[in-house]
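Protein chains: 2
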Amino acid sequence: MLRRKSNILVMKFGGTSVETPDKIRHAAERVVHARRGGRRIVVVVSAPGRMTDDLISLAKQIVPQPDQRELDMLLATGEQVGIALLTMAIKAKNVDAISLTGPQAGIAADDRHTRAHITGIRPNKLLQELKKGRVVIVAGFQGLNPREDIATLGRGGSDLTAVALAAVLKAERCDIFTDVRGIYTADPSLVPEARLLSHISYDEMLELASAGAQVMQPRSIEIAKKFSVPIRVSHALNPKDLGSWITAQGQEKHSMEEAVVTGVALDRNQIKVTLRDIPDRPGMAAELFSALGQAHINVDMIIQSAAKGNINDISFTISKEDLGPSQKILASVQRELRAGSVETDARVAKISIVGVGMKKHSGVAGKMFKVLADHRINIQMIATSEIKISCIIASDQGKNALKLLHQAFGLHRASLNSSV
Amino acid sequence: MLRRKSNILVMKFGGTSVETPDKIRHAAERVVHARRGGRRIVVVVSAPGRMTDDLISLAKQIVPQPDQRELDMLLATGEQVGIALLTMAIKAKNVDAISLTGPQAGIAADDRHTRAHITGIRPNKLLQELKKGRVVIVAGFQGLNPREDIATLGRGGSDLTAVALAAVLKAERCDIFTDVRGIYTADPSLVPEARLLSHISYDEMLELASAGAQVMQPRSIEIAKKFSVPIRVSHALNPKDLGSWITAQGQEKHSMEEAVVTGVALDRNQIKVTLRDIPDRPGMAAELFSALGQAHINVDMIIQSAAKGNINDISFTISKEDLGPSQKILASVQRELRAGSVETDARVAKISIVGVGMKKHSGVAGKMFKVLADHRINIQMIATSEIKISCIIASDQGKNALKLLHQAFGLHRASLNSSV
Numbered sequence: 434m435l436r437r438k439s440n441i442l443v444m445k446f447g448g449t450s451v452e453t454p455d456k457i458r459h460a461a462e463r464v465v466h467a468r469r470g471g472r473r474i475v476v477v478v479s480a481p482g483r484m485t486d487d488l489i490s491l492a493k494q495i496v497p498q499p500d501q502r503e504l505d506m507l508l509a510t511g512e513q514v515g516i517a518l519l520t521m522a523i524k525a526k527n528v529d530a531i532s533l534t535g536p537q538a539g540i541a542a543d544d545r546h547t548r549a550h551i552t553g554i555r556p557n558k559l560l561q562e563l564k565k566g567r568v569v570i571v572a573g574f575q576g577l578n579p580r581e582d583i584a585t586l587g588r589g590g591s592d593l594t595a596v597a598l599a600a601v602l603k604a605e606r607c608d609i610f611t612d613v614r615g616i617y618t619a620d621p622s623l624v625p626e627a628r629l630l631s632h633i634s635y636d637e638m639l640e641l642a643s644a645g646a647q648v649m650q651p652r653s654i655e656i657a658k659k660f661s662v663p664i665r666v667s668h669a670l671n672p673k674d675l676g677s678w679i680t681a682q683g684q685e686k687h688s689m690e691e692a693v694v695t696g697v698a699l700d701r702n703q704i705k706v707t708l709r710d711i712p713d714r715p716g717m718a719a720e721l722f723s724a725l726g727q728a729h730i731n732v733d734m735i736i737q738s739a740a741k742g743n744i745n746d747i748s749f750t751i752s753k754e755d756l757g758p759s760q761k762i763l764a765s766v767q768r769e770l771r772a773g774s775v776e777t778d779a780r781v782a783k784i785s786i787v788g789v790g791m792k793k794h795s796g797v798a799g800k801m802f803k804v805l806a807d808h809r810i811n812i813q814m815i816a817t818s819e820i821k822i823s824c825i826i827a828s829d830q831g832k833n834a835l836k837l838l839h840q841a842f843g844l845h846r847a848s849l850n851s852s853v
Numbered sequence: 434m435l436r437r438k439s440n441i442l443v444m445k446f447g448g449t450s451v452e453t454p455d456k457i458r459h460a461a462e463r464v465v466h467a468r469r470g471g472r473r474i475v476v477v478v479s480a481p482g483r484m485t486d487d488l489i490s491l492a493k494q495i496v497p498q499p500d501q502r503e504l505d506m507l508l509a510t511g512e513q514v515g516i517a518l519l520t521m522a523i524k525a526k527n528v529d530a531i532s533l534t535g536p537q538a539g540i541a542a543d544d545r546h547t548r549a550h551i552t553g554i555r556p557n558k559l560l561q562e563l564k565k566g567r568v569v570i571v572a573g574f575q576g577l578n579p580r581e582d583i584a585t586l587g588r589g590g591s592d593l594t595a596v597a598l599a600a601v602l603k604a605e606r607c608d609i610f611t612d613v614r615g616i617y618t619a620d621p622s623l624v625p626e627a628r629l630l631s632h633i634s635y636d637e638m639l640e641l642a643s644a645g646a647q648v649m650q651p652r653s654i655e656i657a658k659k660f661s662v663p664i665r666v667s668h669a670l671n672p673k674d675l676g677s678w679i680t681a682q683g684q685e686k687h688s689m690e691e692a693v694v695t696g697v698a699l700d701r702n703q704i705k706v707t708l709r710d711i712p713d714r715p716g717m718a719a720e721l722f723s724a725l726g727q728a729h730i731n732v733d734m735i736i737q738s739a740a741k742g743n744i745n746d747i748s749f750t751i752s753k754e755d756l757g758p759s760q761k762i763l764a765s766v767q768r769e770l771r772a773g774s775v776e777t778d779a780r781v782a783k784i785s786i787v788g789v790g791m792k793k794h795s796g797v798a799g800k801m802f803k804v805l806a807d808h809r810i811n812i813q814m815i816a817t818s819e820i821k822i823s824c825i826i827a828s829d830q831g832k833n834a835l836k837l838l839h840q841a842f843g844l845h846r847a848s849l850n851s852s853v
């Protein structure tokens, strides 16, 4: 997809990058530097430090299940504090700037409080301010819903704001400044040999994110892909870092020899649910999963096995925070399907390998399974996509499996992916 | 002035009344109680606890003189936190409620960031929500200015929001819940014998506020007077307290025998400025005070004395926080008027006695001066209005003077003003 680029740069600062006055001044310095380079600048800011978590815990001291609209009214203040402070710091360096809340920036959202989606952006005011030569600092994570209430966009929502603005403004790129140096072949806190990737494709990033890598919010990658917004992820405090580029081609265009596997990821936030001894009848699985779907509970991996004759077991995984809200549904589905029991197992982890190179190479899955088998790591469930293979294993073997696969697929080697 | 009253009650909770989850639940209880009594309820909330001060100090860590628009963007979050938390607490008690920011509540303000005035209120949305049977919780201290930016209303701005809403909605009354039991004959921390007043008139309250009593913001009293909004001030945590009523008649209607003096007040926030040895010429004083006026510096008391022949001294008082901003103006006026010197004296205090009863009694001023003279308290400046007499004295004699006048005018006595 081709698009005409403007000279607008979108710069997004995460919460850790604005958590102290010093870091705010540092972020301002980067904005001022980019502005003096001649480009028009739109900045997106998250709530400073742990402010969002602090506000949530404050609300829960009032009432365990706070009203969702009022929770959004509360949480939106975090980003508003962030934009005001960063704008003050930029203006103190004699660069004209103005802050806009999400609603002021024309960000329209839907009705789902605390996890709204962006439905559109009317950037008139934002463009007017850019025209005046101002840097525009926009509150991430928030928009105005059809009832003219403030709605927040869920965890990682500021990434979404930044990428969506970059798409609408046809920005040259979207710079994500954070507390890591970019995208790694594996989580460096688990695999010390993990290497920084100079390039990764949208599809790989999406699969890595859904496989448990926490760097970027998946919805923002989807939008970047749809509107061909190049993303660069780098450390907020190291201006010399080149970071990682997330683009359509990924490393394809940038490496002499393409790696089969780009990254490995471990997701320890999974829980396995098993309904045992269900009398077989058509539509049984559909009933179960549509009930969970209606309650907005994401089911990740599924395995169905004919245990004995006409009696089935169904296992699936959900994320740990969805277990509470699923309990009622599971109980009622159990009654309806006349299942023998419902079991949950939190001692599982999902290990995944991701890479566009898999499309052209056979035997990747076989190699993964063999590596795990050779080290007596039992595979409980398997799921594959064109560029990802995931296995559910015991959680206490997760970290070891990650290291073994990182090694086996050559990700520790001096870079195949070092051309910048 | 007669007005038709609605069955709407405006309840305003100050920052100390919502500073902890417990206090927020307590405030919610009072709101729910009033709502269950059948009235329609509009609540105005300040920023919890010391949040406004904390935000100001955070801004000053970024830059000593923060941009005023951005400071408003920052400060407005305090009240937004307050309304969200209180609304959660009310809804948790199964009473339908909704929070509105100042802009959402239709509060229009002028362009003076950090000390804007309310220019109008469009209560459409607020009335719609009341119609749905909801309690409406409005953020105090904020409005939307003509540029659609958030503007804050200055110290005590939440009182102003509450009284202005009560005026527009023709509310039955405006209840101010705070951390004192009401209006006293003197500051109880300085005069332990001070008595709670059950009634006080708008005019007396205005004079007491300008004399240094901090309970209510003066502009809010002016609006209450203009639109005949009865105000009741009482302690947020003592539902059985009757508090103090601020109305047109004050105690006139409520006491058998009217007191001459209603209250005494001490203002230690004054500073005396003296321009010495100014060659006399017409318009000299006008020049000085219009220069200060243009810089929005409020001059309180003025004394001009012909020192020797054609050479004059001018002394006046301003509040301490205005000294910094006046320095430049004073220096340039000194040059222009060819004054010999500018002296400032911070060791002064203003002592005032206030009472509508003064209109009908002579000799009140004489009695005041005699009491002070008998105790060797020197009077440096005097100012009088129809219902107030103020004297500038040495600040170290202020507390003693307050006690002496409280005693001399019989304010310590068992109430003349106890009919409720």
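Chain order of the listed sequences is A and B.
Position one of the first sequence corresponds to residue 434 (the working numbering), numbered consecutively onward.
Position one of the second sequence corresponds to residue 434 (the working numbering), numbered consecutively onward.
Quick reminder that beta carbons are idealized off the backbone N, C-alpha and C, glycines included.
Asked: Short Cβ contact (8 Å threshold) for Lys-821 of chain A with Ser-795 of chain A; Found: no
Asked: Arg-472 of chain B and Ile-516 of chain B closer than 8 Å at C-beta; Found: no
Asked: Cβ pair Val-787 of chain A, Leu-837 of chain A closer than 8 Å; Found: no
Asked: For Val-568 of chain A, three-class secondary structure by DSSP; Found: strand
Asked: 8 Å Cβ cutoff, Lys-524 of chain A in contact with chain B; Found: yes
Asked: Reduced DSSP secondary structure (H/G/I, E/B, other) of Pro-651 of chain B; Found: helix
Asked: Contact residues within the region 500-520 of chain B, judged by C-beta distance below 9 Å to chain A; Found: Asp-500, Arg-502, Glu-503, Leu-504, Asp-505, Met-506, Leu-507, Leu-508, Ala-509, Thr-510, Gly-511, Gln-513, Val-514, Ile-516, Ala-517, Leu-518, Leu-519 and Thr-520
Asked: Own chain residues within Cβ distance below 6 Å of Phe-842 of chain B, not counting five before or after; Found: Val-694
Asked: CB contact flag (Leu-750 of chain B, Lys-705 of chain B, <8 Å); Found: Reading the sequence as shown, one finds Thr at residue 750 of chain B and not Leu. Yes, these two residues count as a Cβ contact at 8 Å.
Asked: Three-state class that DSSP yields for Val-853 of chain A in the structure shown; Found: Summary for Val-853 of chain A: the model assigns pLDDT 31, below 50, so the residue's position carries little reliability; its value from the coordinates is reported in the next sentence. Val-853 of chain A: coil per DSSP, three-state reduction.
Asked: 6 Å CB neighbourhood of Glu-626 of chain B in its chain, flanking five on each side removed; Found: His-845
Asked: Residue nearest to Ala-538 of chain B in terms of C-alpha spacing, selected from B:Ala-599, B:Lys-526 and B:Gln-494; Found: B:Ala-599
Asked: Outcome for Pro-758 of chain B when other beta-carbon atoms lying within 10 angstroms are tallied against a minimum of 16; Found: exposed
Asked: Buried or exposed by the 16-neighbour rule on C-beta atoms within 10 Å, applied to Met-434 of chain B; Found: Confidence at Met-434 of chain B is low in this model, with a pLDDT of 46, below 50, so its placement is unreliable and the value that follows should be read with caution. Met-434 of chain B is exposed by the Cβ-count criterion.
Asked: Exposure label - Val-443 of chain A; buried when at least 16 CB within 10 Å; Found: buried
Asked: Neighbourhood of Ala-646 of chain A by C-beta distance below 6 Å, restricted to the same chain and skipping five residues each side; Found: Ala-698
Asked: Residue-chain proximity (Leu-889 of chain B, chain A), Cβ-Cβ < 8 Å; Found: Outside the shown range of chain B (434 to 853) lies residue 889 of chain B, about which nothing can therefore be said.
Asked: Enclosing beta strand (DSSP E) for Glu-640 of chain B [first to last residue]; Found: Careful: Glu-640 of chain B lies outside any beta strand (DSSP E), inside the alpha helix (DSSP H) at 635-643.
Asked: Nearest neighbour of Ile-762 of chain B, chosen from B:Lys-445, B:Ala-728, B:Ala-772 and B:Ile-735 [CA to CA]; Found: B:Ala-728
Asked: Arg-469 of chain B beta carbon less than 8 Å from that of Val-568 of chain B; Found: no
Asked: Nearest residue (CA-CA) to Ala-798 of chain B, options B:Val-781, B:Ser-818 and B:Phe-660; Found: B:Ser-818
Asked: Listed by chain order, chain B residues near Ile-495 of chain A by CB distance under 8 Å; Found: Pro-454, Ile-457, Arg-458, Leu-518, Met-521, Ala-522 and Ala-525
Asked: Nearest-angstrom Cα separation, counted from Arg-709 of chain A out to Val-775 of chain A; Found: 6 Å
Asked: Residue nearest to Phe-610 of chain B in terms of C-alpha spacing, selected from B:Ala-597, B:Asp-592, B:Asp-620 and B:Ala-604; Found: B:Asp-592
Asked: Distance, Arg-555 of chain A Cα to Ala-595 of chain B Cα; Found: 34 Å
Asked: Below-8 Å beta-carbon distance, Ala-719 of chain B vs any chain A residue; Found: no
Asked: N-terminal and C-terminal residue of the alpha helix (DSSP H) that Arg-458 of chain A is part of; Found: 454-469
Asked: Within 8 Å, strictly: CB atoms of Gly-608 of chain A and Arg-502 of chain A; Found: In the sequence as presented, Gly is not what sits at residue 608 of chain A; that position holds Asp. No.
Asked: Residues from the region 473-495 of chain A in contact with chain B, defined by Cβ distance under 8 Å; Found: Leu-488, Leu-491, Ala-492, Gln-494 and Ile-495
Asked: Separation of Asp-733 of chain B from Leu-504 of chain B, as counted between CA atoms; Found: 28 Å
Asked: Min CB distance Ser-532 of chain B to chain A below 8 Å; Found: yes
Asked: Segment limits, beta strand (DSSP E) that includes Pro-481 of chain A; Found: Looking at the DSSP string, Pro-481 of chain A is not in any beta strand (DSSP E), and its letter there is neither H nor E.
Asked: Where Gln-575 of chain A falls, given that 16 or more other Cβ within 10 Å makes a residue buried; Found: buried
Asked: At least three beta-carbon pairs within less than 8 Å, the region 550-564 of chain B to the region 612-629 of chain B; Found: no
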